[in-house]
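With the UniProt record's numbering applied, the sequence shown covers 1 to 96.
Read through the structure below, which is laid out as structure tokens, and then see the notes.
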Amino acid sequence: MAVALRQSCAVASVPTSRRVAVVVRASAGQINPSIRKSEEKVADIIKVANVPKPKAVFCRCWRADASKFPYCDGSHVKHNKETGDNVGPLVIDSTP
1 MAVALRQSCA VASVPTSRRV AVVVRASAGQ INPSIRKSEE KVADIIKVAN VPKPKAVFCR
61 CWRADASKFP YCDGSHVKHN KETGDNVGPL VIDSTP
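Rendered as structure tokens:
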């Protein structure tokens, strides 16, 4: 069973042994309809303190391999070429 979540992704409940796994994937087409469209790729770096690793790169295109999600695996590059979108990762950086 899939349920539309906003316009850009779908949620499916998949029963497993005793738990329900929720799988979230973006639907086809552009993910970013209006944010900073004048930029080639929308990617943000946020400086923070007290994070366990010096840098973490998170997926915002919803196309990263399930074994790597929520971390970015570069899947947005193919998505952007196929759709003309400009979505990029969120980078959390704690280095001074």
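Note that the Cβ used here is the ideal one computed from N, Cα and C, for glycine as well.
When the options are compared against residue i, the one with the closest alpha-carbon
| i | options | result |
| --- | --- | --- |
| A56 | K37, Q30, P70, V91 | V91 |
| D44 | C72, K81, T83, G84 | C72 |
| E39 | S94, P96, N86, D93 | N86 |
C-alpha gap between residue i and residue j, whole angstroms
| i | j | result |
| --- | --- | --- |
| E82 | K41 | 14 Å |
| S75 | K47 | 24 Å |
| K53 | K78 | 27 Å |
| G29 | G84 | 9 Å |
| R6 | K68 | A caution first: R6 carries a pLDDT of 40, below 50, which makes its placement in the model too unreliable to give a value. |
Burial state of residue i (16 or more Cβ within 10 Å)
| i | result |
| --- | --- |
| G88 | buried |
| G60 | As written in the sequence, residue 60 is Arg, which differs from the Gly given in the question. When all chains shown are included, R60 counts as buried. |
| R63 | buried |
Assigned secondary structure, residue i (DSSP; H/G/I helix, E/B strand, else coil)
| i | result |
| --- | --- |
| M1 | Confidence in M1 is poor, its pLDDT being 36 and thus under 50, which makes the residue's placement too unreliable to answer from. |
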